[in-house]
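Peer 1: A single structure is presented below for examination.
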Amino acid sequence: MAVLKVTFTKTKRDKLAQVLWVLNWVSVITGVTLFSLGLFLKVEILKRQEVMSDDIHPVPNMLIGVGLAACGINFLGGKICYDCVDTTKFLRWKLIMLPYIICTFFFTFCILVGALMCCFMHYELERSLYLGLHNAMRYYKDTDIPGRCYLKRTVDMLQLQFQCCGNGGYRDWFNVQWISNRYLDMSKSEVVDRLRNNIQGKYLMDSVPFSCCNTFSPRPCIQHHVTNNSAHHNYDYQTEELNLWQRGCRQALLEYYTNIMQSIAIIVITIWLFELFVLTGVRYLQTAMENVVQLGDPDSESDGWILENSLSETARYNFNIIKNLGKCCHVGDDPNIDVPSTDPGQNIQETGPSRQIPLPK
Numbered sequence: 002m003a004v005l006k007v008t009f010t011k012t013k014r015d016k017l018a019q020v021l022w023v024l025n026w027v028s029v030i031t032g033v034t035l036f037s038l039g040l041f042l043k044v045e046i047l048k049r050q051e052v053m054s055d056d057i058h059p060v061p062n063m064l065i066g067v068g069l070a071a072c073g074i075n076f077l078g079g080k081i082c083y084d085c086v087d088t089t090k091f092l093r094w095k096l097i098m099l100p101y102i103i104c105t106f107f108f109t110f111c112i113l114v115g116a117l118m119c120c121f122m123h124y125e126l127e128r129s130l131y132l133g134l135h136n137a138m139r140y141y142k143d144t145d146i147p148g149r150c151y152l153k154r155t156v157d158m159l160q161l162q163f164q165c166c167g168n169g170g171y172r173d174w175f176n177v178q179w180i181s182n183r184y185l186d187m188s189k190s191e192v193v194d195r196l197r198n199n200i201q202g203k204y205l206m207d208s209v210p211f212s213c214c215n216t217f218s219p220r221p222c223i224q225h226h227v228t229n230n231s232a233h234h235n236y237d238y239q240t241e242e243l244n245l246w247q248r249g250c251r252q253a254l255l256e257y258y259t260n261i262m263q264s265i266a267i268i269v270i271t272i273w274l275f276e277l278f279v280l281t282g283v284r285y286l287q288t289a290m291e292n293v294v295q296l297g298d299p300d301s302e303s304d305g306w307i308l309e310n311s312l313s314e315t316a317r318y319n320f321n322i323i324k325n326l327g328k329c330c331h332v333g334d335d336p337n338i339d340v341p342s343t344d345p346g347q348n349i350q351e352t353g354p355s356r357q358i359p360l361p362k
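Basically the working numbering = 1-based index in the sequence shown + 1.
Below, the structure written as structure tokens:
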């Protein structure tokens, strides 16, 4: 029994073909939208690639690829639906429509996968930002080393733009040496003592870069000796709100990219539902036109459906096809199948009596 069977008259079939032609052209625009969203996300990731460790480009790359595929598939679908108004033109596409519908179904599935990837990449993004920011802070001082000289500017601009400090907070700067050794006066005992105070030989102090300063604070920025109350007048770092950005840059960037990807996911899911609706209409049009061809009367009524049989029967039918394909490739189990017989009489019986070739008279 057919699933969701609908009867179409000649007028309804023509209207369905015309509507699907318009919807396929709208789907071309949605393909351009997918491509634009993927390109936008890729550019946003590339802007801050220096503070990310892992490669998280599969999501924008998939959106770009699906968007380009949507433009080509829907353009072809529009041409097919436009020709389905005429039964004679439909015969050109009769053998192509079913493979086209199957390919479109997998294409819509890829759109759904892209939306889910946008929703569930929060953990990968957080891990990438954690490791990337950690390495960027370690190399902040290496302004004279090729390949790292740009990291100081990158981190400073990031902290100023997103109003953040450190990886998880401003105290992260206390655990890294962010001042280069060439700016340290080694003749001072204080500097030498700080270098000797840890086994790694780093110059650690309770200070942060200038980009951590909160520009909205009424007090001048306290970026050095942050935890030393005696170094500043009327200051208590445990009770007074510091004039440094309190939020870590990992959290700031995570919120920024999460908002972008959630917005993209909503748009992609909407496009997926629209493509699924168009695909359903194309399936009805295909089955209705094939039944018209079988009836032989282009003006007669015809039935259209999603599946010719029920879901269980369709699954069983496809499973039998796959199983029969396996049998065709199966080699016989008889060990003597390729061994010639040694009995001459048996060979004669198998081959039959020999025939003499008649000679010309």
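Every residue, glycine too, gets a C-beta built ideally from N, C-alpha and C.
What's the C-alpha gap between Q252 and N230?
Peer 2: For Q252 and N230, the distance between alpha carbons rounds to 28 Å.
Peer 1: If contacts are defined as beta-carbon pairs under 8 Å, then V44 and T155 qualify, I think. What distance do you get, rounded to the angstrom?
Peer 2: With a Cβ gap of about 16 Å, V44 and T155 do not count as contacting.
Peer 1: If you reduce the DSSP assignment to three classes, tell me which class D335 lands in.
Peer 2: Caution applies to D335, whose pLDDT of 47 falls short of 50 and renders its modelled position unreliable; the value that the coordinates give is listed next. D335 falls in the coil class under three-state DSSP.
Peer 1: Closest by CA to V67, which one among F108, K142, R128, L205?
Peer 2: Closest by alpha carbon: F108.
Peer 1: Give me the Cβ distance between N199 and G249, rounded to the nearest whole Å; I'm assuming they're in contact under 8 Å.
Peer 2: Contact doesn't hold; Cβ gap of about 23 Å is too wide.
Peer 1: Specify, as a first and last residue, the run of the beta strand (DSSP E) that V7 falls within.
Peer 2: Run containing V7: 7-9, per the beta strand (DSSP E) assignment.
Peer 1: Bridge partners for D304 per DSSP, in chain order?
Peer 2: Beta-bridge pairing links D304 to T8.
Peer 1: Nearest-angstrom Cα distance between K189 and Y140?
Peer 2: Rounded to the nearest angstrom, the two C-alpha atoms are 25 Å apart.
Peer 1: May I ask which residues mark the beginning and end of the alpha helix (DSSP H) holding T109?
Peer 2: Per DSSP, T109 belongs to the alpha helix (DSSP H) from 88-120.
Peer 1: Helix, strand or coil, according to DSSP, for L205 in the structure here?
Peer 2: Coil.
Peer 1: Relative to the C-alpha of Y101, which candidate in I265, F76, H233, I112 has its C-alpha closest?
Peer 2: That would be F76, whose Cα lies nearest to the Cα of Y101.
Peer 1: Grouping DSSP H, G and I as helix and E and B as strand, with all else coil, what is L245?
Peer 2: Residue state, collapsed to three classes: strand.
Peer 1: Does DSSP classify C213 as helix, strand or coil?
Peer 2: Three-state result, C213: helix.
Peer 1: If we count the other Cβ atoms within 10 Å of its Cβ and call it buried at 16 or more, is S264 buried or exposed?
Peer 2: Exposed.
Peer 1: Can you grab the Cα-Cα spacing for the pair L130 / M98, in whole Å?
Peer 2: When rounded, the distance between both Cα atoms is 46 Å.
Peer 1: Expressed to the nearest angstrom, what Euclidean distance is found between the alpha-carbon atoms of A232 and D143?
Peer 2: Those two C-alpha atoms are separated by around 29 Å.
Peer 1: When you compare only the Cα positions, how much space is there between R93 and D87?
Peer 2: Going by the C-alpha atoms only, they are around 11 Å apart.
Peer 1: Which first and last residues belong to the alpha helix (DSSP H) in which R49 is found?
Peer 2: Premise fails: R49 is in no alpha helix (DSSP H) and is neither H nor E.
Peer 1: Alpha helix (DSSP H) containing D298: first to last residue?
Peer 2: That residue, D298, is in no alpha helix (DSSP H); it is neither H nor E in DSSP.
Peer 1: I261 to L254, Cα distance in whole Å?
Peer 2: So the two alpha carbons sit approximately 11 Å from each other.
Peer 1: Assuming contact is defined by CB atoms lying nearer than 8 Å, are I307 and L5 in contact in what I supplied?
Peer 2: Yes, Cβ-Cβ distance for I307 and L5 is below 8 Å.
Peer 1: Are the region 26-34 and the region 280-297 in contact at 8 Å, needing three or more beta carbon pairs?
Peer 2: At 8 Å Cβ cutoff, the stretches do not touch.
Peer 1: Mind the definition here: the region 35-50 touches the region 9-27 only if three or more C-beta pairs lie below 8 Å; say whether that holds.
Peer 2: At 8 Å Cβ cutoff, the stretches do not touch.
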